[in-house]
Every structure is written in C-alpha cells, then in structure tokens.
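Q: Which chain is which? The protein sequence lines are A and B, in order.
At position 56 of the first sequence the residue is numbered 56 (the numbering used here), and the sequence of numbers has no breaks.
At position 80 of the second sequence the residue is numbered 192 (the numbering used here), and the sequence of numbers has no breaks.
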Amino acid sequence: DQQVKQNSPSLSVQEGRISILNCDYTNSMFDYFLWYKKYPAEGPTFLISISSIKDKNEDGRFTVFLNKSAKHLSLHIVPSQPGDSAVYFCAARSVNTDKLIFGTGTRLQVFP
Amino acid sequence: DGGITQSPKYLFRKEGQNVTLSCEQNLNHDAMYWYRQDPGQGLRLIYYSQIVNDFQKGDIAEGYSVSREKKESFPLTVTSAQKNPTAFYLCASSPGDLRNQPQHFGDGTRLSIL
Numbered sequence: 001d002q003q004v005k006q007n008s009p010s011l012s013v014q015e016g017r018i019s020i021l022n023c024d025y026t027n028s029m030f031d032y033f034l035w036y037k038k039y040p041a042e043g044p045t046f047l048i049s050i051s052s053i054k055d056k057n058e059d060g061r062f063t064v065f066l067n068k069s070a071k072h073l074s075l076h077i078v079p080s081q082p083g084d085s086a087v088y089f090c091a092a093r094s095v096n097t098d099k100l101i102f103g104t105g106t107r108l109q110v111f112p
Numbered sequence: 113d114g115g116i117t118q119s120p121k122y123l124f125r126k127e128g129q130n131v132t133l134s135c136e137q138n139l140n141h142d143a144m145y146w147y148r149q150d151p152g153q154g155l156r157l158i159y160y161s162q163i164v165n166d167f168q169k170g171d172i173a174e175g176y177s178v179s180r181e182k183k184e185s186f187p188l189t190v191t192s193a194q195k196n197p198t199a200f201y202l203c204a205s206s207p208g209d210l211r212n213q214p215q216h217f218g219d220g221t222r223l224s225i226l
C-alpha cells in the first residue's frame, strides 16, 4: 500500500517554461513534506520542504504547494533549466516520527 | 566541510558472503538511516537509529543487520540471508529531534552479486 504516490514517471519540459511535479498521499497523519532531487549514481539532494500548517513555500525558482484537503503536493520550477534534469522524489513524514516515506520518483527532462 | 561519507562506492559480493557498507557523518546528527533503492522504485527504509546503541527495523529489514556504537557511524551488513541484495544503498542522517529538518544523504554504494 503506497502512502506516497508520484503517478507520472517522467516529464519533459522546454527550457524557460514551468515544470510541475505532482505527488499524492493517503495518510492524514503526515505533517511534513519534502522534495529531493537525484542525479544518477548520487544520493538525493534536499530541495525544499513544507510543514502541514502552510500551503505554500518558496525558495528561488522552486515553490512547493500543499493542498491538505486533496492530500496533494506539487513542486513548481520556473523557469526550468537543463541542469534541473534529474529524478525528483517527494517524501512525507508522519507526526511524532522521524521516518520518511518516499514516492517512486518523476524523471524530469528539460530540453533546450 | 560537513557531510555523509559512504564507502565503497561500488561493492561486489559472492553468493553466500556477508558484506558491510560503511556510513560516517560529521554533522553531529543523532539520527541515521539506511535505505535501498531499486530501479523504478522509491527509497525503502531498511533500518534507522535515533540514538547511539539503539536502532529499529524499517520496512525491509530482513537479511540486513546494523550497529550504532558511535554517533558518527552506522554500518550496514548485508547478510547471505538477503536473497536479492543487488541495489543502490543510501545512508542518511538528520538531527533527529522531530523538528522540521530534512534528512541529508550520502552518495550511495552500489552492491552487485558476482
């Protein structure tokens, strides 16, 4: 039973346009959500996070939106750059635990 | 320069052998984690430790063992009981005090069976 789902395995976006990566979750006890970026043969790099008390968090070109009623999380990258091409994982943490549950990832390709 | 060091980067195991993957951190983090990544899948938690001399099983602990004798170190042993050990193994750490702090990852060890 996957508690965190990334239903799009891949996404292709032109350089300069917006990339939108989506994530759905089922556990209403999740209170902290994160996005990680991963290149092949490397460890994931933390990108941005959001607490369940907020609905938006912004850091430069990256914005994360949280819709608690829909149990939906999205990452917006604008403008997209070729260096953003990587696999993006969303992750969620339940209240009173330090464990993260990861989605299966979305491979983003940004082309010129 | 603080971070998490995993070694070796590539590791080969013969059938029936145990192998140990190293993970060291100098971030002064209390909590450490081991994950496994398979192609097309997310990261799955093997074991985690929130404090020295204590650790708990994650979702896929069978065939693995860990120790946490020092705050900086959290080695993972892949035993011969793990029937499908070929994977990319990732170690992570976090402050571990339930604040909203992300886990930080090492660069991984790829384990293959000869």
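Using N, Cα and C, we set each Cβ at its ideal position, and we do this for glycine too.
1. Taking all protein chains shown into account, do 16 or more other C-beta atoms lie within 10 angstroms of the C-beta of K37 (chain A), making it buried, or fewer, making it exposed?
2. Taking 8 Å as the limit between beta carbons, can you name the residues of its chain near L157 (chain B), skipping five residues before and five after?
3. Determine contact between the segment 197 to 216 of chain B and the segment 128 to 145 of chain B, defined as no fewer than three beta-carbon pairs at a distance below 8 Å.
4. Between the Cα of A70 (chain A) and those of A:Y25, A:S85, A:P112, A:F46, spot the shortest distance and give me the residue it belongs to.
5. Taking Cβ-Cβ distances shorter than 7 Å, what residues in chain B pair up with Y32 (chain A)?
6. In angstroms, rounded to a whole number, what distance separates the CA positions of H141 (chain B) and R180 (chain B)?
7. For a contact meaning CB atoms closer than 7 Å, what does K99 (chain A) contact in chain B?
8. Would you mind stating whether S74 (chain A) and C23 (chain A) have Cβ atoms separated by less than 8 Å?
9. Can you check which of these residues, B:P197, B:S192, B:V164, is closest to F186 (chain B) by C-alpha distance?
10. Check whether the Cβ atoms of D150 (chain B) and A199 (chain B) lie closer than 8 Å to each other.
11. Give a yes or no on whether the minimum CB-CB distance between T104 (chain A) and chain B is below 8 Å.
12. Can you give me the Cβ contacts of P197 (chain B) inside the same chain, cut-off strictly under 6 Å, excluding the 5 residues immediately before and after it?
13. I believe V64 (chain A) touches W35 (chain A) by the beta-carbon criterion, under 8 Å. Please report the beta-carbon distance rounded to the nearest angstrom.
14. Please decide whether H216 (chain B) counts as near chain A, where near means a Cβ-Cβ distance under 8 Å.
15. Please confirm if P44 (chain A) has its CB atom under 8 Å from at least one CB of chain B.
16. For the beta strand (DSSP E) holding N57 (chain A), just list the boundary residues, first then last.
17. Please list, in chain order, the chain B residues whose beta carbon lies closer than 7 Å to that of S10 (chain A).
18. Output the distance between the C-alpha atoms of K183 (chain B) and F217 (chain B), rounded to the nearest integer angstrom.
19. Taking 8 Å as the cut-off, does the segment 46 to 59 of chain A touch the segment 105 to 112 of chain A (at least 3 CB pairs, one atom from each stretch)?
20. Using the Cβ count rule (16 or more neighbours within 10 Å means buried), how would you classify V178 (chain B)?
A: Straight from the coordinates:
1. Taking the first sequence and counting its residues from 1, one reaches residue 37 (chain A) at position 37. It counts as buried.
2. Locating residue 157 (chain B) in the second sequence gives position 45, where the first residue counts as 1. Only Y145, W146, Y147, G170, D171, I172 meet the Cβ criterion.
3. yes
4. Locating residue 70 (chain A) in the first sequence gives position 70, counting from the first residue. Among A:Y25, A:S85, A:P112, A:F46, the Cα nearest to that of A70 (chain A) is on A:Y25.
5. The residue given as residue 32 (chain A) occupies position 32 in the first sequence. Within 7 Å Cβ-Cβ: N212.
6. One-based indexing of the second sequence puts residue 141 (chain B) at position 29. One-based indexing of the second sequence puts residue 180 (chain B) at position 68. Approximately 13 Å between the Cα atoms of the pair.
7. Stepping through the first sequence from its first residue, residue 99 (chain A) is reached at position 99. Per Cβ cutoff of 7 Å: L157, Y160.
8. Numbered from 1 along the first sequence, position 74 holds the residue referred to as residue 74 (chain A). Numbered from 1 along the first sequence, position 23 holds the residue referred to as residue 23 (chain A). Taking 8 Å as the Cβ cut-off, S74 (chain A) and C23 (chain A) qualify as a contacting pair.
9. By 1-based counting over the second sequence, the position of residue 186 (chain B) is 74. When each option's Cα is compared against that of F186 (chain B), the closest is B:V164.
10. Along the second sequence, one-based indexing puts residue 150 (chain B) at 38. Along the second sequence, one-based indexing puts residue 199 (chain B) at 87. Result yes, Cβ atoms of D150 (chain B) and A199 (chain B) sit closer than 8 Å.
11. The sequence position of residue 104 (chain A) within the first sequence is 104, counting from 1. Interface residue, yes.
12. Residue mapping note: residue 197 (chain B) aligns to position 85 of the second sequence, counting from 1. Hits under 6 Å: V190, L223.
13. Mapped onto the first sequence, residue 64 (chain A) falls at position 64. Mapped onto the first sequence, residue 35 (chain A) falls at position 35. Between W35 (chain A) and V64 (chain A) the Cβ distance is about 6 Å, and since that is below 8 Å, they are a contact.
14. For this step, residue 216 (chain B) is matched to residue 104 along the second sequence. By this cut-off, H216 (chain B) is an interface position.
15. For this step, residue 44 (chain A) is matched to residue 44 along the first sequence. Yes, because at least one Cβ of chain B sits closer than 8 Å to the Cβ of P44 (chain A).
16. To locate residue 57 (chain A), count along the first sequence from 1; it is residue 57. Element bounds for N57 (chain A): 56 to 59.
17. As a first step, residue 10 (chain A) is located in the first sequence; it is residue number 10 there, counting from the start. In chain order: nothing, as chain B lies at least about 11 Å away.
18. Within the second sequence, the letter at position 71 stands for residue 183 (chain B). Within the second sequence, the letter at position 105 stands for residue 217 (chain B). The straight-line gap from Cα to Cα measures roughly 16 Å.
19. no
20. Sequence index remark: in the second sequence, residue 178 (chain B) carries index 66 (1-based). V178 (chain B) comes out buried.
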